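Student: Same order as they appear, the protein sequences are chains A and B.
The first sequence: position 144 = 144 (my numbering), numbered continuously.
The second sequence: position 92 = 92 (my numbering), numbered continuously.
Even glycine gets a Cβ: it sits at the ideal position worked out from N, Cα and C.
Because the structure is a prediction, the values reported are computed rather than measured.
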Amino acid sequence: MEGAWEIAFVLFQVWLSIVVGLIVLPAMFGVSLGFTDIYIKVLVKTLEWATLRIQRGQKEQPTLPSQSANGIIEKDDGSMEEEIGELRRSHPKNLAGGDFTMCDAFYFCKKGIENIVEDQVTQRFTSEELASWNLLTRTNNNFRYISVRLTIIWGLGVFIRYCILLPLRITLAVIGLSWLVIGTTLVGLLPSCNAKNWLSDLVHITCYRICARGLSATIRYHNKENRPKKGGICVANHTSPIDIVILANDGCYAMVGQVHGGLMGVIQRSIVRSCPHVWFERSEMKDRHAVAKRLKDHIADKTKLPILIFPEGTCINNTSVMMFKKGSFEIGGTIYPVAIKYDPQFGDAFWNSAKYNMVSYLLRMMTSWAIVCNVWYLPPMTRQDGEDAVQFANRVKSAIAHQGGLVDLSWDGGLKREKVKESFKEEQQKMYSSMIVGSDFHEASVGPA
Amino acid sequence: MGSRASSLLREEDIEEIKKQTGFSHSQITRLYSRFHSLDKGENGALSREDFQRIPELAINPLGDRIINAFFPEGEDQVNFRGFMRTLAHFRPVEDNEKNKDPTSGEPLNSRTNKLFFAFQLYDLDRDDKISRDELLQVLEKVDVEQKMSIRFLH
């Protein structure tokens, strides 16, 4: 009996030293041994083969639905005025003066039904649909048995992901997070000096690098010359908590967020000892002025790290960028926009917080093939004269959406949980009524002097 | 998109809906996925709140009336069959259908049925009465087949 335990212990030590030697240490020094690259290459080849095989299978069995990334239905892109104008062209009465007619209803009716079949907002809160199956059970919408080989490859994939990669990744995550807590606590003991800052940065970056290996993350950074500088605010689109790991692999940031309990709280309390982050109590979050003041004070101090903020306020599925909350854009200072785009073929990074809690989400991440993403640093932006915070926020949002190839939406990410405000409905009504009443009203108000 | 969604829809059901509405097999499975994703309560039926959760529909001035059109008289839940029946009104009219067997009854997406759907939006008390003359005069000239049809991409 004792012999078995000893053997297990020895095996465990061997395992640990392999992991540390081949993965952790190179990661800490930013060196890549090339394992991940080979893995990704093999994966790409396999997925290409699988795609062809599935397409062949679809031709043979026409009942298999094909998946389209362009949406389900054709939509007219005209504005309300254009579309209703077209409807009225065939009206027997001349409607130059503006009037209500029954055929206007067709426009609203068709728009309504189109939105019931496919709308722009609700689809952003669930995972993106893939153009072709990537051999993960979870993305399999309509699995029909296609071929023996495909099923074998899928089975092999399950074994590799759950029995080989998962234990490896969990080990790395545990090492990474423990090192973060221990390292930052140790650095926190030092008095304030340059060495302390340098060590703090070192600890943070090495830890995030280990965590990135723990997700088999392949990250490509573009335009590194635009990297956020101290005293600035870094703004990015939000897809998941992993965004932080992705960005922090290439720079050090001051985090902003709510104080949590549990493991998250432990991490928060320890990293704030080595360098200033901005943690808010729940009650403080409600007071917008207090929040703004703390952020302003932080960026005023040019020795402090740039703040990392996700203005969407919630996780979106990486197909679009939703409304940026204006709070971060009212503070002043230089905004450094960053666009993050994940490649969904290798793993779905989106955190659907309604469906999965943090632990199940992390397990899903660790049992995906890999996380592959592109990060673009955009040139810094500042608020211009005559531009208010909302317009500035929209300008930054458009830049990020354009760079990342994402759809630029004005809808609020908060619609994930809340109903749309009445005022939006009133705006639509106002728009329509101005079409009907508009010119008459104008004539009436001009009148004789 | 639920990965189990389409497995809850049986082949017999799909065939029946195909016959009744004229949608293709892949269109039906697609719409079932959509139905399933709107059904937050996961009870196989949609309530008015489920529709209201679509923001672009909630701000539509006719939104409430469109939603009402899905629910039969006095009911608060619509199942997938009912959902498809209503959507079938918006299927484009295909030329080859005009020569079909006349005894099989008028298809749901005929011009008359499309007009009737639009009419229902005005007829709030469901007594089948609005000013008929105006309606006929106006709608005579409108290309109803095009303006009340939704085209699928595949």
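1) Buried or exposed: which applies to A/D243, given that a residue is buried once 16 or more other Cβ atoms fall within 10 Å of its Cβ?
2) Do the CB positions of A/V272 and A/L295 come within less than 8 Å of each other?
3) Along the stretch 33-56 of chain B, where does the CB come closer than 8 Å to a CB of chain A? Name the residues.
4) Can you pull the chain A residues whose beta carbon is under 8 Å from the beta carbon of B/F90, in chain order?
5) Skipping 5 residues on each side, what residues in its chain have a beta carbon closer than 7 Å to that of A/F106?
6) Check distances from the C-beta atoms of the stretch 16-27 of chain B to those of chain A and list, in chain order, the residues that come in under 9 Å.
7) Which residues of chain B have a Cβ atom closer than 7 Å to the Cβ of A/Q429, listed in chain order?
8) Using a Cβ-Cβ distance under 8 Å, would A/V420 count as near chain B?
9) Given a limit of 8 Å on CB to CB distance, which residues of the stretch 73-88 of chain B reach chain A?
10) How is B/I59 classed by DSSP in three states: helix, strand or coil?
11) If I follow the unbroken beta strand (DSSP E) through A/F346, where does it start and stop?
12) List in chain order: all unbroken alpha helix (DSSP H) runs of 4+ residues lying wholly within the stretch 191-219 of chain A.
13) Within 8 Å, do at least three Cβ pairs link the stretch 255-272 of chain A to the stretch 166-185 of chain A?
14) Please decide whether B/F152 counts as near chain A, where near means a Cβ-Cβ distance under 8 Å.
15) Within 10 angstroms of its Cβ, does A/M358 collect 16 or more other Cβ (buried), or is it exposed?
16) Do you know offhand how far A/F280's Cα is from A/I84's?
17) Suppose contacts are defined by Cβ-Cβ distances below 8 Å. Is A/E128 in contact with A/T319 by that definition?
18) For A/D527, list the residues DSSP reports as bridge partners.
19) To the nearest angstrom, how far is the alpha carbon of A/W49 from that of A/L150?
20) Among A/N237, A/I38, A/G332, A/V31, which one has its Cα closest to the Cα of A/H402?
21) Are there any heavy atoms of the ligand NAD lying less than 7 Å away from the beta-carbon of A/I371, as far as the coordinates show?
22) How far does the alpha helix (DSSP H) with A/I113 in it extend, from its first residue to its last?
23) Are A/I153 and A/T46 touching if we call contact CB-CB under 8 Å?
24) Could you tell me which residues DSSP pairs with B/N79 in its beta bridges?
25) Nearest chain B C-beta to A/R51 closer than 8 Å, yes or no?
26) Go ahead and pull the three-state DSSP assignment for A/A389.
27) Can you tell me whether A/F159 is buried or exposed, with buried defined as 16 or more other CB within 10 angstroms of its CB?
28) Taking Cβ positions, are A/V121 and B/P55 nearer each other than 8 Å?
29) Which whole-angstrom value is the C-beta distance of A/M322 and A/L202, which I expect to be below 8 Å?
30) At 9 Å on the CB atoms, spell out the chain B contacts of A/W179, in chain order.
31) Out of curiosity, what's the CA-to-CA distance linking A/V187 and A/N197?
Tutor: According to the structure data:
1) Classification of A/D243: buried, given that the 10 Å Cβ count is 16 or more.
2) No, Cβ-Cβ distance for A/V272 and A/L295 is not below 8 Å.
3) Within the stretch 33-56 of chain B, the residues whose Cβ lies closer than 8 Å to some Cβ of chain A are S33, R34, S37, L38, F51, Q52, R53, I54, P55, E56, listed in chain order.
4) By Cβ distance, chain A contributes K110, I113.
5) So the list reads L87, once near-sequence residues are dropped.
6) The residues in question are H25, S26, Q27.
7) Here the neighbours are P61.
8) Contact of A/V420 with chain B is assigned, a C-beta pair being separated by under 8 Å.
9) Residues of the stretch 73-88 of chain B with a Cβ closer than 8 Å to any Cβ of chain A, in chain order: L87.
10) B/I59: coil per DSSP, three-state reduction.
11) Where A/F346 is concerned, there is no enclosing beta strand (DSSP E), given that its DSSP letter is neither H nor E.
12) Here the runs fully enclosed are 194-213.
13) The stretch 166-185 of chain A makes contact with the stretch 255-272 of chain A, as at least three CB pairs between them are under 8 Å.
14) By this cut-off, B/F152 is an interface position.
15) Classification of A/M358: exposed, given that the 10 Å Cβ count is below 16.
16) Rounded to whole angstroms, A/F280 to A/I84 spans 49 Å at the Cα level.
17) In this structure, A/T319 lies closer than 8 Å to A/E128 by Cβ.
18) This structure does not reach residue 527 of chain A, given that chain A is present from 1 up to 449, and the question cannot be answered.
19) Within the model, the alpha-carbon separation for A/W49 versus A/L150 is close to 9 Å.
20) Among A/N237, A/I38, A/G332, A/V31, the Cα nearest to that of A/H402 belongs to A/N237.
21) This structure simply doesn't include the ligand NAD, nor any ligand for that matter.
22) Counting along the chain, the unbroken alpha helix (DSSP H) around A/I113 starts and ends at 104-117.
23) In this structure, A/I153 places its C-beta atom within 8 Å of the C-beta atom of A/T46.
24) Looking at the DSSP assignment, B/N79 forms a beta bridge with B/A45.
25) Strictly speaking, residue 51 of chain A in this sequence is Thr, with Arg absent from that position. Not closer than 8 Å to any Cβ of chain B, the Cβ of A/T51 fails to qualify, so no.
26) When secondary structure is reduced to three states using DSSP, A/A389 falls in the helix class.
27) So A/F159 counts as exposed.
28) Yes.
29) Taking the Cβ atoms as the reference, A/M322 lies roughly 36 Å from A/L202, outside the contact range of under 8 Å.
30) Simply none; closest approach about 37 Å.
31) About 9 Å.
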